[in-house]
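In the numbering used here, the protein residues as written are 81 to 194.
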């Protein structure tokens, strides 16, 4: 079988991502937006070059550069180390960790432009 995720695992990961996103937004008193979830999900999938449901450091560096994120390599490495998981696949970021990072990054970006 190929290196990609089986459909059941993909559905489980998507459900986990949606749950984490809802929890994150509810904790901040924000409203849930389905378009935003789909947007973040597509970003994660774009970063996950091999389709295994995780983003390793190589994928993160290449993906963030491709998505035009204004982050230098050292910042990306620090971010990766902050969010990297030892569960399941070592040295990789899961969808829920990506959702958490996404909101922190977006919040910082919004506050720095005000």
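The C-beta atom is built at its ideal place from N, Cα and C for all residues, glycine as well.
Just so it is clear, the structure is predicted and the values come from calculations on it, not from any experiment.
(request) Counting only runs of 4+ residues fully inside the region 115 to 169, write out the alpha helix (DSSP H) ranges in chain order. (result) As summarised for the region 115 to 169, the continuous alpha helix (DSSP H) elements at least 4 residues long and confined to that stretch are 137 to 146 and 153 to 163, given in chain order.
(request) Out of 136, 132 and 185, point me to the one whose CA is closest to residue 161's CA. (result) Locating residue 161 in the chain shown gives position 81, counting from the first residue. Ranking the options by Cα distance to residue 161, first place goes to 136.
(request) Identify every residue that forms a DSSP beta bridge with residue 173. (result) For this step, residue 173 is matched to residue 93 along the chain shown. Beta-bridge pairing links residue 173 to 135.
(message) Looking at residue 140: is its Cβ nearer than 9 angstroms to the Cβ of residue 173?
(response) In the chain shown, residue 140 corresponds to position 60, counting from 1. In the chain shown, residue 173 corresponds to position 93, counting from 1. Taking 9 angstroms as the cut-off, the beta carbon of residue 140 is found closer than this to the beta carbon of residue 173.
(message) Our contact map puts residue 119 next to residue 178 with C-beta atoms below 8 angstroms; I'd like the distance itself, whole angstroms only.
(response) Position 39 of the chain shown holds residue 119. Position 98 of the chain shown holds residue 178. In this structure residue 119 does not touch residue 178 by the C-beta definition: roughly 12 angstroms separates them, more than the 8 angstroms allowed.
(request) State the Cα-Cα distance for the pair residue 183 and residue 176, rounded to the nearest angstrom. (result) As a first step, residue 183 must be located in the chain shown, where it is residue number 103. As a first step, residue 176 must be located in the chain shown, where it is residue number 96. Those two C-alpha atoms are separated by around 11 angstroms.
(request) Given a cut-off of 9 angstroms, decide if residue 144 and residue 127 are closer than it, judged by their beta-carbon atoms. (result) Counted from its first residue, the chain shown places residue 127 at position 47. Counted from its first residue, the chain shown places residue 144 at position 64. Yes. Within cutoff.
(message) Here's the rule I'm using: 16 or more other beta-carbon atoms within 10 Å means buried, otherwise exposed. How should residue 142 be labelled?
(response) As a working mapping, residue 142 is identified with position 62 in the chain shown. Counting C-beta atoms within 10 angstroms of its own C-beta, residue 142 has fewer than 16 neighbours from the protein chains shown and is therefore classed as exposed.
(request) Kindly indicate which three-state DSSP category residue 82 falls into: helix, strand or coil? (result) Mapped onto the chain shown, residue 82 falls at position 2. Residue placement at residue 82 cannot be trusted, given a pLDDT of 49 that sits under 50; what the coordinates show is reported in the next sentence. Assigned with DSSP and collapsed to three states, residue 82 falls in coil, not helix or strand.
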